[in-house]
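Trainee: Here it is, the structure in full.
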Amino acid sequence: MSKRKQPGRSKADPAPTTQESAGPEPTPPEPMAPEPTPDPPATRTPGETAYDRSARDLTAPGEVDYDDHDLLGQADWVIGGEAARKARQQGLYAGYVLFLGALVYGLPIVQAVFRTSDASSLGDQLSSPEAIALLVASVAALLGAVVFAGRFRGPVVPPMPWIDLVLPVPLDRALALRRWWRYAAVGGLFIGALSGLTIGAGLAFAHLAGPLTIIVTTAVGTALGVLATRLWLWSQVRSWPGPDRGLSLLWRVPDALRELHAESLRAHSANTSTMAGSALTGNLRTARLALTRPVRHGRSARLRPGRPFGVLVRRDVIGLRRTPGAFLSGLGLTLLGGAIVTWAFTQPAAPSIAATIGLLPLYLGFGAWAEGLRLQADNVGTPSLLGTGELTEAVAHVTVPTALTLLVLGGWVAVAGALGSLPGSAPLSLWLILVLVVAGNVLAAFRGSPTFMLRPQMVIAWYAVPALTVVVLGSLVAVLTKAASYTWLSVVSWLVYAVLAWAVSKVRRLTYLHRA
Amino acid sequence: MGAVAVLTGEVRAEGVGKTIDETTLLLPTDVSADPGECIVLRGPNGSGKTTLLRIIGGLLVPSTGTATIGGREADERDRTVRAAVAALLGAPTTYRDLTLVDHLVLIDSTWGGDPATSDDRSLALLDRLGIAHLDDRFPHELSSGQEQLFRLALTFSRPASVVLLDEPEQRLDTGKRQVVAELIRERTESGGTVVMACHDPELTAALATRVVDIVPAR
Numbered sequence: 001m002s003k004r005k006q007p008g009r010s011k012a013d014p015a016p017t018t019q020e021s022a023g024p025e026p027t028p029p030e031p032m033a034p035e036p037t038p039d040p041p042a043t044r045t046p047g048e049t050a051y052d053r054s055a056r057d058l059t060a061p062g063e064v065d066y067d068d069h070d071l072l073g074q075a076d077w078v079i080g081g082e083a084a085r086k087a088r089q090q091g092l093y094a095g096y097v098l099f100l101g102a103l104v105y106g107l108p109i110v111q112a113v114f115r116t117s118d119a120s121s122l123g124d125q126l127s128s129p130e131a132i133a134l135l136v137a138s139v140a141a142l143l144g145a146v147v148f149a150g151r152f153r154g155p156v157v158p159p160m161p162w163i164d165l166v167l168p169v170p171l172d173r174a175l176a177l178r179r180w181w182r183y184a185a186v187g188g189l190f191i192g193a194l195s196g197l198t199i200g201a202g203l204a205f206a207h208l209a210g211p212l213t214i215i216v217t218t219a220v221g222t223a224l225g226v227l228a229t230r231l232w233l234w235s236q237v238r239s240w241p242g243p244d245r246g247l248s249l250l251w252r253v254p255d256a257l258r259e260l261h262a263e264s265l266r267a268h269s270a271n272t273s274t275m276a277g278s279a280l281t282g283n284l285r286t287a288r289l290a291l292t293r294p295v296r297h298g299r300s301a302r303l304r305p306g307r308p309f310g311v312l313v314r315r316d317v318i319g320l321r322r323t324p325g326a327f328l329s330g331l332g333l334t335l336l337g338g339a340i341v342t343w344a345f346t347q348p349a350a351p352s353i354a355a356t357i358g359l360l361p362l363y364l365g366f367g368a369w370a371e372g373l374r375l376q377a378d379n380v381g382t383p384s385l386l387g388t389g390e391l392t393e394a395v396a397h398v399t400v401p402t403a404l405t406l407l408v409l410g411g412w413v414a415v416a417g418a419l420g421s422l423p424g425s426a427p428l429s430l431w432l433i434l435v436l437v438v439a440g441n442v443l444a445a446f447r448g449s450p451t452f453m454l455r456p457q458m459v460i461a462w463y464a465v466p467a468l469t470v471v472v473l474g475s476l477v478a479v480l481t482k483a484a485s486y487t488w489l490s491v492v493s494w495l496v497y498a499v500l501a502w503a504v505s506k507v508r509r510l511t512y513l514h515r516a
Numbered sequence: 001m002g003a004v005a006v007l008t009g010e011v012r013a014e015g016v017g018k019t020i021d022e023t024t025l026l027l028p029t030d031v032s033a034d035p036g037e038c039i040v041l042r043g044p045n046g047s048g049k050t051t052l053l054r055i056i057g058g059l060l061v062p063s064t065g066t067a068t069i070g071g072r073e074a075d076e077r078d079r080t081v082r083a084a085v086a087a088l089l090g091a092p093t094t095y096r097d098l099t100l101v102d103h104l105v106l107i108d109s110t111w112g113g114d115p116a117t118s119d120d121r122s123l124a125l126l127d128r129l130g131i132a133h134l135d136d137r138f139p140h141e142l143s144s145g146q147e148q149l150f151r152l153a154l155t156f157s158r159p160a161s162v163v164l165l166d167e168p169e170q171r172l173d174t175g176k177r178q179v180v181a182e183l184i185r186e187r188t189e190s191g192g193t194v195v196m197a198c199h200d201p202e203l204t205a206a207l208a209t210r211v212v213d214i215v216p217a218r
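Protein sequence lines correspond, in order, to chains A and B. Taking our numbering, the leading residue of the first sequence gets 1, the next gets one more, and so forth. Taking our numbering, the leading residue of the second sequence gets 1, the next gets one more, and so forth.
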């Protein structure tokens, strides 16, 4: 119950709650608020709410009582009816499916991750300071990603009608938004606990740790899930100017919810719709622009004129200087992916699946640095402004990310060499991985728009093709390298170059496909 | 880009029309323009002016008729045609991480402009269009009128024997329309060909060598 006080005025008669409004299925309110009357009746008419009574004389002296739960129930009923309640119950079913999925797929995958021919060496390596530092860095990166996401799409995103029609009502905002926070909080807690449980169980089943580890990893996963969700909310609060934006909001959730501005909620809800719509229609440019902040850094730097290829390369360098977030996220992902992939290729104790795990961040890190390539693809179909051919332009745009990725991989190879473990096949295999990552990113940038019937599963598959190509072929390279099966490795290396040729043909095809 | 033949600015569109499924976007139309001419396409909204410009620029295949640039089929895939035609048809996609002057320097460099004077040329063009003071702005920081001036700067910053413009006057005040008229006049006086769709009678009267009225399909 919240109160709207008018100082120095007497309190209005408390309104009794009717059976209709207190029951499990609230009835809709009167369609029109009655005209203010100087003397409201002492009892409510059927269907009347506390708000109806108090609204009759907002100018009269007194204090207005609102039954927040009553108002919220009315709003729920009017907006969604019984269907909304059923939809909310489906969240439980989604959790059940997720749990089953973790049991059926998660546990075997984690077991495979830690399955090795040399458990003791792997155990030593996993408990080494380097591995622990990498783990801490990964968790920090994950939490950083959550904070980043919260700027555009926080955990509290009610539908637009709720924002426009219910939030303006003088309800306690913490109560009005609590439901969406609870969805996110329960989801974060559940996913964290499930991840911890899966990893702990995988370690225990692979005999790399005792059964007690399961409890520890589950507890740590749960705590991280809670922390991540609260950081997500905190980041959402910080996405809009306000007086209270400190870290103390992490444990003052109701206050954090009260800090959420209606305009901010509207922006986050619109971002959600834009991203979901763009994702479903395969319009990646719109989704990307919805996620990126306008560039404002480094405007005093100037693009130095020169030969066409050089100036295009310098364009990408200056672009990264002006988008430090993209540069740093690319660096973090490439360092992480490069470390895991190099470890997989240079350490005999490393499980084969380690390369599979490392390839994804490596691929994504390259992609964070390849904005020039995506902008070239965005320009397809518009009259030509640049005087270079499409292939020259594409090669120029992969130069900077390739050089940076090469630098990172070279650094990790040097570290492995300094530690005394560098098989001769490792540099060659890592070269193939680099070619694969370049080809995958060119494929991703020039995939165009889906030309098939837009069904969610097909769109997801369409998205995943470049990344899947990199991960599957890269994993094959890792397995064959570890098995020292060089004949088959040479076959796969041809496949890798075939993917590169496919990517080049995609650049040409997309560039001219628009002319119809 | 390698060695590319330089096409003259002879624009010929003979009986070009466009129909997609059952919908006719452009009835068969003739347009002919020689170097030094400015042809204005005139017609009500939806009559097919932009479609005609896209066909002349080689971005769209006509359903009927043929379009040529300098005697060569208008096809954007042909690098010779691409080198000959500069076009402002809709909003070009700009680099969100480059400033206005960076864009012009990039375009100038990729067309082989002298690096020693590229900055000066770029700033001079921005100055002519009255947006030199915005040289260090990013494209998303412009008003709609400034954005239109920037798009015109992008189009005029590259060499071309044929310039295609779709309503270059839109969102511009009277003074800026005069500046654009001067730029177009300079281009034609230096032997270039301009074909543009225009709704401004004053601009049309001042620039048009010939006016082609486009008849709406319905």
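Note that beta-carbon positions come from the ideal geometry of N, C-alpha and C, so glycine has one too. Predicted model, so just to flag it, every value in this text is computed and none were measured.
Does the ligand GTP have even one heavy atom less than 7 Å from the beta-carbon of residue 70 of chain A?
Mentor: Questions concerning the ligand GTP fall outside what the structure shown contains, since it holds no ligand whatsoever.
Trainee: Answer with buried or exposed for residue 577 of chain A, where buried requires no fewer than 16 other C-beta atoms within 10 angstroms of its C-beta.
Mentor: Examination of residue 577 of chain A is not possible in this model, given that chain A is present from 1 through 516 alone.
Trainee: What residue does the alpha helix (DSSP H) around residue 356 of chain A start on, and which one ends it?
Mentor: Segment 353-368, the alpha helix (DSSP H) holding residue 356 of chain A.
Trainee: How would you label residue 130 of chain A, buried or exposed, when you count the other beta carbons within 10 angstroms and need 16 or more for buried?
Mentor: Result: exposed.
Trainee: Mind the definition here: the stretch 479-496 of chain A touches the stretch 366-379 of chain A only if three or more C-beta pairs lie below 8 Å; say whether that holds.
Mentor: Result no; under three Cβ-Cβ pairs closer than 8 Å.
Trainee: Check whether the Cβ of residue 267 of chain A lies closer than 8 Å to any Cβ atom in chain B.
Mentor: So, not an interface residue.
Trainee: Output, in sequence order along the chain, the residues in the stretch 104-115 of chain B whose CB is closer than 9 Å to any CB in chain E.
Mentor: Chain labels in this structure do not include chain E; the protein chains are A and B.
Trainee: DSSP beta-bridge partners for residue 213 of chain B?
Mentor: B/42.
Trainee: Would the beta-carbon of residue 443 of chain A fall within 8 Å of that of residue 503 of chain A?
Mentor: Against a cut-off of 8 Å, the Cβ pair of residue 503 of chain A and residue 443 of chain A comes out as a contact.
Trainee: Exposed or buried, what is residue 10 of chain B when buried is set at 16 or more other beta-carbons lying within 10 Å of its beta-carbon?
Mentor: With 16 or more other Cβ atoms within 10 Å, it is buried.
Trainee: Kindly list, in the order they appear in chain B, the residues whose Cβ is closer than 8 Å to that of residue 512 of chain A.
Mentor: Residues of chain B passing the Cβ test: 76 and 77.
Trainee: Within the same chain, show all residues whose beta-carbon is closer than 7 Å to that of residue 440 of chain A, passing over the 5 residues directly before and after it, in chain order.
Mentor: 363, 466, 467, 469 and 470.
Trainee: Quick one: Cα of residue 110 of chain B to Cα of residue 281 of chain A, how far?
Mentor: One C-alpha to the other measures close to 34 Å.
Trainee: Is there a Cβ from chain B that is less than 8 Å from the Cβ of residue 374 of chain A?
Mentor: Closer than 8 Å: no.
Trainee: Counting beta carbon pairs with one atom in the stretch 16-25 of chain B and one in the stretch 166-178 of chain B, are three or more of them shorter than 8 Å?
Mentor: Result no; under three Cβ-Cβ pairs closer than 8 Å.
Trainee: Applying the criterion that 16 or more other CB atoms from any shown protein chain within 10 Å of the CB defines a buried residue, is residue 234 of chain A buried or exposed?
Mentor: It is buried - the Cβ of residue 234 of chain A has at least 16 other Cβ atoms within 10 Å.
Trainee: Report yes or no: do three or more beta-carbon pairs, one from the stretch 145-165 of chain B and one from the stretch 118-126 of chain B, lie closer than 8 Å?
Mentor: Taking 8 Å as the limit for Cβ pairs, the verdict is that the stretch 118-126 of chain B does touch the stretch 145-165 of chain B.
Trainee: What does residue 102 of chain B touch in chain A if you count any residue whose Cβ is under 9 Å from its own?
Mentor: By Cβ distance, chain A contributes 301, 302, 303, 315 and 318.
Trainee: Between residue 389 of chain A and chain B, is any beta-carbon pair separated by less than 8 Å?
Mentor: Cβ-Cβ to chain B under 8 Å: yes for residue 389 of chain A.
Trainee: Could you give the DSSP three-state label for residue 263 of chain A: helix, strand or coil?
Mentor: Residue 263 of chain A falls in the helix class under three-state DSSP.
Trainee: List, in chain order, every chain A residue whose beta-carbon is nearer than 8 Å to that of residue 138 of chain B.
Mentor: Near residue 138 of chain B (Cβ distances below 8 Å), the residues of chain A are 294, 295, 296 and 299.
Trainee: Below 7 Å between beta carbons is the criterion; list the residues of the stretch 116-131 of chain B that meet it against any residue of chain A, in chain order.
Mentor: Of all residues in the stretch 116-131 of chain B, 118 and 119 have a Cβ within less than 7 Å of some Cβ in chain A.
Trainee: Quick one: grab the DSSP three-state call for residue 583 of chain A.
Mentor: Outside the shown range of chain A (1 to 516) lies residue 583 of chain A, about which nothing can therefore be said.
Trainee: By the DSSP assignment, the alpha helix (DSSP H) with residue 149 of chain B in it spans what residues?
Mentor: Start and end: 144-156.
Trainee: What residue range is occupied by the uninterrupted beta strand (DSSP E) comprising residue 27 of chain B?
Mentor: Residue 27 of chain B -> beta strand (DSSP E) spans 23-33.
Trainee: Classify residue 196 of chain B: buried if its beta carbon has 16 or more other beta carbons within 10 angstroms, exposed otherwise.
Mentor: Classification of residue 196 of chain B: buried, given that the 10 Å Cβ count is 16 or more.
Trainee: Let me check understanding here. Comparing Cα to Cα, which of B/154, B/12 and B/63 lies closest to residue 27 of chain B?
Mentor: Taking only the C-alpha atoms, the option nearest residue 27 of chain B is B/63.
Trainee: Tell me which residues of the stretch 383-415 of chain A have at least one Cβ-Cβ distance to chain B shorter than 8 Å, keeping chain order.
Mentor: Residues 383, 384, 385, 386, 387, 388, 389 and 392.
Trainee: What is the DSSP secondary structure of residue 175 of chain B, reduced to helix, strand or coil?
Mentor: Residue 175 of chain B falls in the helix class under three-state DSSP.
Trainee: Please say whether residue 236 of chain A and residue 155 of chain A have beta carbons closer to each other than 8 Å?
Mentor: Yes, these two residues count as a Cβ contact at 8 Å.
Trainee: Whole angstroms is fine: what's the gap from residue 412 of chain A's alpha carbon to residue 391 of chain A's?
Mentor: Using only the alpha carbons, I get a separation of about 31 Å.
Trainee: Does DSSP put residue 286 of chain A in a helix, a strand or coil?
Mentor: In this structure, residue 286 of chain A counts as helix in the three-state DSSP scheme.
Trainee: Is any beta-carbon of chain B found at less than 8 Å from that of residue 506 of chain A?
Mentor: Judged by the 8 Å Cβ criterion, residue 506 of chain A is not in contact with chain B.
Trainee: Check whether the Cβ atoms of residue 179 of chain B and residue 145 of chain B lie closer than 8 Å to each other.
Mentor: No, the pair does not count as a contact, with Cβ atoms beyond the cut-off.
Trainee: Just mark residue 7 of chain A as buried or exposed, buried being the case when its beta carbon has 16 or more other beta carbons within 10 Å.
Mentor: Residue placement at residue 7 of chain A is poorly supported in this model, since its pLDDT is 37, which falls under 50; the coordinates still yield a value, given next. It is exposed - the Cβ of residue 7 of chain A has fewer than 16 other Cβ atoms within 10 Å.
Trainee: Take residue 147 of chain A and list the residues in its own chain whose beta-carbon comes closer than 6 Å to its own, dropping the five residues that flank it on each side.
Mentor: Result list for residue 147 of chain A: 231 and 235, in chain order.
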